[in-house]
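S.K.:
Protein chains: 2
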Amino acid sequence: MGIVFSDLAVSADGFAAGLNQREEEPFGDVDQSWLTGWMFDAYDENKAEVDAIVESGATIMGRNMFGPVRGEWDRDWRGWWGPNPPYHNAVFVLTHYPQDPIEMEGGTTFHFVTDGIEAALERARAEAGEQGISVAGGAGTVNQFLAAGLLDELRLHITPSIVGAGERVFDGVPPQRLERVSVRATSLVTHITYRPLRP
Amino acid sequence: MGIVFSDLAVSADGFAAGLNQREEEPFGDVDQSWLTGWMFDAYDENKAEVDAIVESGATIMGRNMFGPVRGEWDRDWRGWWGPNPPYHNAVFVLTHYPQDPIEMEGGTTFHFVTDGIEAALERARAEAGEQGISVAGGAGTVNQFLAAGLLDELRLHITPSIVGAGERVFDGVPPQRLERVSVRATSLVTHITYRPLRP
């Protein structure tokens, strides 16, 4: 069975997004390049980590990572990623509002799951088979999985910046020790992988 | 002129101490070994970083790092470190309550500064000469120096743990980019040094 993992690009103070995430600013009140510049400006140097983000058999994400629509799905929204999203597998979007699946180019289909993270994980497992499952974000969703003991591996990509407010990794997660699996520093980012230590 | 630096041992979520710091538990409601175990249990491996913490010409610390006494100095308190503290220089303790200096063995003298961080820094500079000045903590004091643009180097020693609440590095510090100067991982801790990027 594949592992359940998350990749989060965060500031030195742990924020994966600023306040006021919205359609024009998916990362809210923060210069997005502070958090994700390393993926684009230094792709060659960070290729292993960038490519690993989408190496999964299925994907789970929070609704706010999928898009800016809140409440009922009252408009046609197909994600931030254009007609051919980078996931190329089944993406389970956590939401309180049911909606029919949306099939995209390249093998990505967005499914909308209204019965919580365990249900989403079960559906993702059925889809992923022996492959890993990516909990793509945002931080709130990753924190839910961490708090529930459902995440096997957290890959933080720590950028040299202070964001100060927004969506923060570890918020609401019970105190615990972690195992630090690996550290790799490149010019723009420090990659640290942790595994929760289950009792 | 020496640099102004801080060393903070923090959890993965940035806490340098838990809630409820008190005489019996200087680090509050957290197992102190989670944050500082690497300094003692793996000293050989982390010798360079541990030794560098006290390589300064003068030291500045917040009152809560100096001790558990709050309000007036209504009891004899000489720090947590016994008769011969590890600083071996002039230590300027930030407080609102004046008190005469306390001379310890080994060259450490605690001075009590009631007129703020700039005044403490000025006195520390006069004492340190060409040597560096250590802002020893806690996190609240380090954050004050960061927010005021008075810190040249922040050395985080990130331990694999989630603490969840307490004194957190970067709280209240304005959003900004940092320069990441160095990263070194040993078995129990990840050392990351940042420099604020002044405009």
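Protein chains in written order, with the working numbering: chain A, 62 to 260; chain B, 62 to 260. Quick reminder that beta carbons are idealized off the backbone N, C-alpha and C, glycines included.
Quickly, what does DSSP pair L207 (chain B) with across the bridge? List them, please.
M.R.: Taking the second sequence and counting its residues from 1, one reaches residue 207 (chain B) at position 146. None; L207 (chain B) has no bridge partner.
S.K.: In chain A, which residues lie with their C-beta within 7 Å of the C-beta of I253 (chain B)?
M.R.: By 1-based counting over the second sequence, the position of residue 253 (chain B) is 192. Near I253 (chain B) (Cβ distances below 7 Å), the residues of chain A are T251.
S.K.: Kindly indicate which residue of A:T170, A:G190, A:V196 and A:I163 has the alpha-carbon position closest to the one of E179 (chain A).
M.R.: The sequence position of residue 179 (chain A) within the first sequence is 118, counting from 1. Taking only the C-alpha atoms, the option nearest E179 (chain A) is A:V196.
S.K.: Enumerate, from N- to C-terminal direction, the unbroken alpha helix (DSSP H) stretches of 4 or more residues contained entirely within the stretch 89-151 of chain A.
M.R.: 93-102, 108-114 and 124-127
S.K.: Check the DSSP bridge columns for T220 (chain A) and list the partner residues they point to.
M.R.: Your numbering for residue 220 (chain A) matches position 159 in the first sequence. Answer is A:S72, bridged to T220 (chain A).
S.K.: Let's see if you can read the secondary structure: which residues bound the alpha helix (DSSP H) around I178 (chain A)?
M.R.: Residue 178 (chain A) sits at position 117 when you count from the first residue of the first sequence. Here the alpha helix (DSSP H) through I178 (chain A) covers G177 to A189.
S.K.: Is the distance from the Cβ of A73 (chain A) to the Cβ of P257 (chain A) below 9 Å?
M.R.: Here residue 73 (chain A) corresponds to residue number 12 of the first sequence, with the count starting at 1. Here residue 257 (chain A) corresponds to residue number 196 of the first sequence, with the count starting at 1. Between A73 (chain A) and P257 (chain A), the gap from beta carbon to beta carbon reaches 9 Å or more.
S.K.: Any heavy atom of the ligand NAP inside 8 Å of the beta-carbon of I64 (chain A)?
M.R.: Looking for the ligand NAP in the displayed structure turns up nothing, as the structure carries no ligands at all.
S.K.: Given a cut-off of 9 Å, decide if V230 (chain B) and N204 (chain B) are closer than it, judged by their beta-carbon atoms.
M.R.: Counting from one through the second sequence, the residue named residue 204 (chain B) turns up at place 143. Counting from one through the second sequence, the residue named residue 230 (chain B) turns up at place 169. It is a contact, given that the beta carbons lie within the stated cut-off.
S.K.: Taking DSSP as the reference, what is the three-state secondary structure of A200 (chain B)?
M.R.: Mapped onto the second sequence, residue 200 (chain B) falls at position 139. Helix, per DSSP.
S.K.: What does the alpha-carbon distance come out to for the pair L207 (chain A) and D135 (chain B)?
M.R.: Along the first sequence, read from residue 1 onward, the residue named residue 207 (chain A) stands at position 146. Along the second sequence, read from residue 1 onward, the residue named residue 135 (chain B) stands at position 74. Going from the Cα of L207 (chain A) to the Cα of D135 (chain B) covers about 45 Å.
S.K.: List the residues of chain A that G75 (chain B) touches, going by C-beta distances under 7 Å, in chain order.
M.R.: Counting from 1 along the second sequence, the entry for residue 75 (chain B) is found at position 14. Those within 7 Å of G75 (chain B) in chain A are D74 and G75.
S.K.: Would you call the CB atoms of Q93 (chain A) and E85 (chain A) closer than 9 Å?
M.R.: In the first sequence, counting from the first residue as 1, residue 93 (chain A) sits at position 32. In the first sequence, counting from the first residue as 1, residue 85 (chain A) sits at position 24. The answer is no: Cβ separation not under 9 Å.
S.K.: Using a beta-carbon distance cut-off of less than 7 Å, what residues from the stretch 207-231 of chain B approach chain A?
M.R.: The stretch 207-231 of chain B vs chain A, Cβ under 7 Å: P221, S222, I223, V224, G225 and F231.
S.K.: Should G198 (chain B) and M100 (chain B) be called a contact, given that it needs their Cβ atoms to be closer than 9 Å?
M.R.: Within the second sequence, numbered from 1, the residue matching residue 198 (chain B) stands at position 137. Within the second sequence, numbered from 1, the residue matching residue 100 (chain B) stands at position 39. No.
S.K.: Check E166 (chain B) in the structure and name its three-state DSSP category.
M.R.: As a working note, residue 166 (chain B) is residue 105 in the second sequence. DSSP places E166 (chain B) in helix when its eight states are reduced to three.
S.K.: Output needed for E228 (chain A): all residues of its chain with C-beta closer than 7 Å, excluding positions within five of it in sequence on either side, in chain order.
M.R.: Looking up residue 228 (chain A) in the first sequence gives position 167. Excluding positions up to five away in sequence, the list reads F76, A77, A78, G199, A200 and G201.
S.K.: Would you tell me roughly how many angstroms separate the C-alpha atoms of D102 (chain A) and G233 (chain B), rounded to the nearest one?
M.R.: In the first sequence, residue 102 (chain A) corresponds to position 41, counting from 1. In the second sequence, residue 233 (chain B) corresponds to position 172, counting from 1. In a straight line, the C-alpha of D102 (chain A) is about 29 Å away from that of G233 (chain B).
S.K.: Using Cβ-Cβ distances below 8 Å, what residues of the stretch 84-115 of chain B are close to chain A?
M.R.: V91 and W95
S.K.: Pick from A:M122, A:P144, A:A70 and A:A181: whose alpha carbon is nearest that of G168 (chain A)?
M.R.: Residue numbering aside, residue 168 (chain A) sits at position 107 when the first sequence is read from its first letter. The shortest C-alpha separation from G168 (chain A) is found at A:P144.
S.K.: Taking Cβ positions only, does R69 (chain B) come closer than 9 Å to chain A?
M.R.: Numbered from 1 along the second sequence, position 8 holds the residue referred to as residue 69 (chain B). For the record, residue 69 (chain B) in the displayed sequence is Leu; it is not Arg. Closer than 9 Å: no.
S.K.: Can you give me the C-alpha to C-alpha distance between R110 (chain A) and H252 (chain A), rounded to a whole angstrom?
M.R.: Working through the first sequence from its first residue, we reach residue 110 (chain A) at position 49. Working through the first sequence from its first residue, we reach residue 252 (chain A) at position 191. Correcting the residue type first, residue 110 (chain A) is Glu in the shown sequence and not Arg. Each residue's Cα considered, the two are about 8 Å apart.
S.K.: Have a look at I114 (chain A) and S67 (chain A) and give me their C-alpha separation to the nearest angstrom.
M.R.: Locating residue 114 (chain A) in the first sequence gives position 53, counting from the first residue. Locating residue 67 (chain A) in the first sequence gives position 6, counting from the first residue. Each residue's Cα considered, the two are about 8 Å apart.
S.K.: On the three-state DSSP scale, how would you describe S248 (chain A)?
M.R.: Looking up residue 248 (chain A) in the first sequence gives position 187. Three-state DSSP puts S248 (chain A) in coil, outside helix and strand.
S.K.: State buried or exposed for L80 (chain B), treating a residue as buried only when at least 16 other CB atoms are found within 10 Å of its CB.
M.R.: One-based indexing of the second sequence puts residue 80 (chain B) at position 19. Exposed, because fewer than 16 other Cβ atoms sit within 10 Å of the Cβ of L80 (chain B).
S.K.: If contacts are defined as beta-carbon pairs under 8 Å, then G63 (chain B) and A189 (chain B) qualify, I think. What distance do you get, rounded to the angstrom?
M.R.: By one-based count along the second sequence, residue 63 (chain B) stands at place 2. By one-based count along the second sequence, residue 189 (chain B) stands at place 128. Between A189 (chain B) and G63 (chain B) the Cβ distance is about 6 Å, and since that is below 8 Å, they are a contact.
S.K.: Rounding to the nearest angstrom, what Cα-Cα distance links Y148 (chain B) and K108 (chain B) in this structure?
M.R.: The residue you call residue 148 (chain B) lines up with position 87 of the second sequence. The residue you call residue 108 (chain B) lines up with position 47 of the second sequence. Here the alpha carbon of Y148 (chain B) sits roughly 16 Å from the alpha carbon of K108 (chain B).
S.K.: Looking at G262 (chain A): is its Cβ nearer than 9 Å to the Cβ of E116 (chain A)?
M.R.: Outside the displayed range of chain A (62 to 260) lies residue 262 (chain A), so it cannot be described from this structure.
S.K.: Looking at C-alpha atoms only, which residue of B:L215, B:S243, B:G128 and B:Y104 is the closest neighbour of W142 (chain B)?
M.R.: The sequence position of residue 142 (chain B) within the second sequence is 81, counting from 1. The candidate whose alpha carbon is nearest that of W142 (chain B) is B:G128.
S.K.: Can you find a CB in chain B that lies within less than 9 Å of the CB of V174 (chain A)?
M.R.: Within the first sequence, the letter at position 113 stands for residue 174 (chain A). False, the Cβ-Cβ gap to chain B never drops below 9 Å.
S.K.: Could you tell me which chain B residues have their CB closer than 9 Å to the CB of P159 (chain A), listed as they occur along the chain?
M.R.: Working through the first sequence from its first residue, we reach residue 159 (chain A) at position 98. Ordered by position in chain B, no residue passes the 9 Å Cβ test against P159 (chain A), which lies about 34 Å from the chain.
S.K.: Going along chain A, which residues have a C-beta under 8 Å from P235 (chain B)?
M.R.: Along the second sequence, one-based indexing puts residue 235 (chain B) at 174. Within chain A, the residues near P235 (chain B) are I223 and G225.
S.K.: If you run the structure through DSSP and keep just helix, strand and coil, what is T156 (chain B)?
M.R.: For this step, residue 156 (chain B) is matched to residue 95 along the second sequence. It is coil, neither helix nor strand.
S.K.: Say whether chain A places a C-beta atom closer than 9 Å to the C-beta of R241 (chain B).
M.R.: Taking the first residue of the second sequence as 1, we reach residue 241 (chain B) at position 180. With 9 Å as the cut-off, R241 (chain B) counts as an interface residue toward chain A.
S.K.: Quick check: the Cα distance between E164 (chain A) and L155 (chain A), rounded to an integer number of angstroms?
M.R.: Against the first sequence, residue 164 (chain A) aligns to sequence position 103. Against the first sequence, residue 155 (chain A) aligns to sequence position 94. Straight-line Cα distance between these residues: approximately 17 Å.
S.K.: Beta-carbon separation of L249 (chain B) and E106 (chain B) under 9 Å?
M.R.: If you number the second sequence from 1, residue 249 (chain B) lands on position 188. If you number the second sequence from 1, residue 106 (chain B) lands on position 45. Yes, the Cβ-Cβ distance between L249 (chain B) and E106 (chain B) is below 9 Å.
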